[in-house]
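S.K.:
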Amino acid sequence: MDSEDRTLRVKARRTRRAGERGAATRLPDGPEASARAAACRREAEEYAQQAMVSSARAHDRAALLLEEMATVHPEEAELHLQSAARHRRWADNDRKLAQQHAPAGDPEGS
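Taken in order, the sequence shown gives residues 1 to 110; the numbers are from the numbering used here.
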């Protein structure tokens, strides 16, 4: 048995057990459940925003590295600069997404 077979069995078992619990695992209705759901949503939004900001920073670092590589390797400079430009676009896109999907009450988008 390889690891993929074992992984599939574990996933299937977890799914079956979740189905057995069924309605017993539902959250109760009311203000407590609503507040809990809102807190979970905010936490998920903050995590997604932080991931986008982190991704933008990583693309900026990659672009800097590629620009440095272009100066060190003039024979490949054009390719490095093209890649750096792509990384800059991706970083800008990630920053826009982070601002667009910022949690309520966070106007800066970090």
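Glycine included, C-beta positions come from ideal geometry on N, C-alpha and C.
Source: prediction; values computed, not measured.
Among GLY30, ARG86, LEU97 and VAL53, which residue has its Cα nearest to the Cα of VAL63?
M.R.: Position check: residue 63 holds Ala in this sequence, whereas Val was assumed. With distances taken between Cα atoms, ALA63 lies closest to ARG86.
S.K.: Roughly how far, in whole angstroms, is the beta-carbon of ALA98 from the beta-carbon of ALA56, given that I think they are within contact range, below 8 Å?
M.R.: Right, the Cβ-Cβ distance comes to about 7 Å (below 8 Å), so this counts as a contact.
S.K.: Between the stretch 38 to 51 and the stretch 78 to 93, do three or more beta carbon pairs fall short of 8 Å?
M.R.: Because the criterion of three Cβ pairs below 8 Å is not met, the stretch 38 to 51 and the stretch 78 to 93 do not touch.
S.K.: Which whole-angstrom value describes the C-beta separation of ALA102 and GLN50, a residue pair presumed to lie in contact below a C-beta threshold of 8 Å?
M.R.: No, ALA102 and GLN50 are not in contact; Cβ-Cβ is about 11 Å, not under 8 Å.
S.K.: Secondary structure at ASP60, three-state DSSP: helix, strand or coil?
M.R.: Helix, per DSSP.
S.K.: May I have the straight-line CA-CA distance separating GLU76 from GLN82, to the nearest angstrom?
M.R.: In a straight line, the C-alpha of GLU76 is about 10 Å away from that of GLN82.
S.K.: Just verifying my parser: in three-state terms, what is the DSSP assignment at HIS73?
M.R.: HIS73 falls in the coil class under three-state DSSP.
S.K.: Taking the alpha-carbon positions, what's the SER34 to TYR47 distance?
M.R.: Cα to Cα, the separation comes out at about 20 Å.
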